[in-house]
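Its first residue numbered 103, the sequence shown is counted upward by one per residue in my numbering.
For every residue, glycine included, the Cβ atom is placed at its ideal position computed from N, Cα and C.
Since this is a predicted model, take the numbers as computed values, not measurements.
See below for the structure under consideration.
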Amino acid sequence: MARVLDALAEQEAAWQARFPDFNSPEVASRLQRTVERVQKYRLVCALLGWPPRGDVTPKEILPVVAASDAQDFEQAYQRVETLFFSRFDTEGVLRLFACWERNPWLQARLPILRQVVEAHTGGLYYLTVPAILPQLEGLLADAFGHQGRLHEKDLLGYLERLFDGTEELAFDDAVRAFYATTVLGKFTHGTPLPRALSRHAVLHGADTEYGTLAYSLKALLLFDLVQDRFGVASYAGGRCYHLPTCPVFQRERRTRRADRLVIHWLAELARKDGKRPCKRCLPE
Ligand SMILES: [Zn+2]
């Protein structure tokens, strides 16, 4: 994020030099409209049951927001689905997996994730959803050093520590809303099934129609969003930040309180918090 802000500030200075009107009310109001559209797009995605993604262009956002403004949610859903299906075709999903392979927090889960991706690209969608949802929960529990039974409030608490609002334009809010209302949405046997990616309806065996490309992709994209937040780690009060595989960090894990653990999305953010890179694991 810090990198993004620096780049934006630089860009803004360059534009100001080139276009003296850059600060005019007209430009300001157009920028404001774009920002509002991005925020709306992210929340619309979450409401329509798709994990919101940051990597879309304003041009791609426009038809989704227009349909939602016209209260045509069927159309908005179609637009979002088309966008995600084309962005995350087989090649797109393999690109996601290449990022997972590089993430040290996921090393123990890679054999499972590899088969999830093979099943997804092979169209075996009934196999992907129940395999990847527990990986998301396991990742949160492991990384935050959870002890004992894992309740929904624990999962939401860990997610809040990862998506704490540092990312602007409603992104963090949209991800948390998606997880809380869609994935963990209330479900009991004998009541109508939710028409969305419901962790409980799938894993408790009630939903028998979840084996679709859309469900499978939603589950993969949610996992991707969450794993992406696992950068480096430090402890409140500690001086260094580490990779999760570092022996020094592993030692700290045994002696420090789990609620003092901070997972930094980017090493820059850890440095902004006054931490320095560990000399043993050399993060970044
Ligand atoms: Zn270290």
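| Asked | Found |
| --- | --- |
| C-beta contact flag for tryptophan 207 and phenylalanine 332 at 7 Å | yes |
| N- and C-terminal bounds of the beta strand (DSSP E) containing serine 300 | Per DSSP, serine 300 belongs to no beta strand (DSSP E) and is neither H nor E. |
| Between the CA atoms of alanine 130 and arginine 341 - distance to the nearest angstrom | 41 Å |
| Among Asp275, Pro385, Ala338 and Gln352, the one whose alpha carbon lies nearest that of tyrosine 143 | Asp275 |
| Same chain, Cβ closer than 6 Å to alanine 279, neighbours up to 5 away in sequence not counted | Ala148 |
| CB contact flag (serine 170, valine 140, <7 Å) | no |
| Cutoff 8 Å; reference leucine 324; Cβ partners in own chain excluding five residues on either side | Pro153, Leu238, Phe280, Tyr281, Val285 and Leu299 |
| Local conformation of methionine 103 per DSSP, three classes | Note that methionine 103 scores 43 on pLDDT, short of 50, meaning its location in the model is unreliable and no value can be drawn from it. |
| Through-space distance from cysteine 380 to alanine 321, alpha-carbon basis | 34 Å |
| Spatially closest choice to tyrosine 343 from Asp191, Glu386 and Pro165, by CA coordinates | Glu386 |
| Residues that histidine 306 bridges to, as DSSP identifies them | In the DSSP output, where bridge partners are listed per residue, histidine 306 has none listed. |
| Those residues which DSSP pairs with histidine 253 across a bridge | Answer is none; histidine 253 lacks a bridge partner. |
| Host beta strand (DSSP E) of valine 364 (start-end) | 363 to 366 |
| Boundaries of the beta strand (DSSP E) in which tyrosine 227 is found, first to last residue | Careful: tyrosine 227 lies outside any beta strand (DSSP E), inside the alpha helix (DSSP H) at 227 to 245. |
| Check: histidine 366 C-beta below 6 Å from any heavy atom of ligand 1 | no |
| Arginine 382 beta carbon near ligand 1 (any heavy atom closer than 6 Å) | yes |
| Helix, strand or coil at cysteine 342 according to DSSP, with G and I counted as helix | strand |
| Residue of Val231, Gly267 and Ala245 minimising C-alpha distance to glutamate 311 | Val231 |
| Residues that DSSP places opposite serine 336 in a beta bridge | Val364 |
| Nearest to aspartate 326 (by Cα), restricted to the options Ala245, Leu215 and Arg382 | Leu215 |
| Span separating the alpha-carbon of valine 106 from that of histidine 302 | Because valine 106 carries a pLDDT of 49, less than 50, the predicted location of this residue cannot be relied on, and the following value inherits that uncertainty. Cα-Cα distance, rounded: 37 Å. |
| Buried/exposed call for valine 137, threshold 16 Cβ in 10 Å | exposed |
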